[in-house]
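Colleague: Under our numbering, think of the first position of the sequence shown as 1416, with each following residue one higher. Just so it is clear, CB atoms sit at the ideal spot from N, CA and C, and this is done for glycine as well.
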Amino acid sequence: MVFLGLLLAAAAVTAATGIVLSNDGAATLTVFGETVPGVSNQWQIFMCGALVAVVFMAGMTMAFLGFGRLMRTRRDLRYLREEHEESLTTLEMEKRQLQRELARVRGGKPGAPAAPARPSVPQPRGPRNGDTPLAGAAARSDFFDRKD
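What follows is the structure, given as structure tokens:
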């Protein structure tokens, strides 16, 4: 979009320069050595100049809008990158703090990383015949037998 805008602006400047440098007659419009047919009054020449100005402004508007979007995108990406780095730093600090607390709770040195705990595999409860649960037998739980 930036390139297209600059291209339109350059075309408008080139056309305006050609009109100004090649137009030595009072009411004829000559562009790059060719006479424009149908332009015989001064107001028609003025309207051609206004049209060139409109094309130039459209080109510059497109260029500035494209450049603004490019800058917003870069700013947003920079902000997201900084936010990501900050969150990583925070997570690393929390991890170190939790490692120190775990080491303190386990009775190790406060600066030494604690050994990871072995995960315990829950054993199924209920009546069993060897390793196979009995069909139709209800599983038994101590949860409902507690008297809290």
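Just mark M1477 as buried or exposed, buried being the case when its beta carbon has 16 or more other beta carbons within 10 Å.
Modeller: M1477 should be labelled buried.
Colleague: Does the segment 1468-1475 come within contact of the segment 1418-1426, defined as at least 3 CB pairs closer than 8 Å?
Modeller: Verdict: yes, contact present.
Colleague: For L1466 and S1502, what's the separation of their Cα atoms in angstroms?
Modeller: C-alpha separation (whole angstroms): 54 Å.
Colleague: For R1487 and G1481, what's the separation of their Cα atoms in angstroms?
Modeller: For R1487 and G1481, the distance between alpha carbons rounds to 10 Å.
Colleague: Using 10 angstroms around the beta-carbon of L1485, count the other beta-carbons present and answer buried if the total reaches 16, otherwise exposed.
Modeller: Counting Cβ neighbours within 10 Å, L1485 comes out exposed, since fewer than 16 surround it.
Colleague: Under the rule that 16 or more other beta-carbon atoms within 10 Å means buried, what is G1420, buried or exposed?
Modeller: Burial call: buried.
Colleague: Between L1433 and F1447, how many whole angstroms is the CB-CB distance? I'm expecting something under 8 Å.
Modeller: Reading the sequence as shown, one finds Gly at residue 1433 and not Leu. Confirmed, Cβ separation roughly 5 Å.
Colleague: When we look at the beta-carbon of L1444 and count the other beta-carbons within 10 Å, is it buried (16 or more) or exposed?
Modeller: Buried, because 16 or more other Cβ atoms sit within 10 Å of the Cβ of L1444.
Colleague: From Q1512 to L1492, what distance separates their C-alpha atoms?
Modeller: Distance between the alpha carbons of Q1512 and L1492: 30 Å.
Colleague: With DSSP collapsed to three states, give me the class of T1450.
Modeller: Strand at T1450.
Colleague: Give a yes or no on whether the C-beta atoms belonging to A1430 and V1470 are separated by under 9 Å.
Modeller: The answer is yes: Cβ separation under 9 Å.
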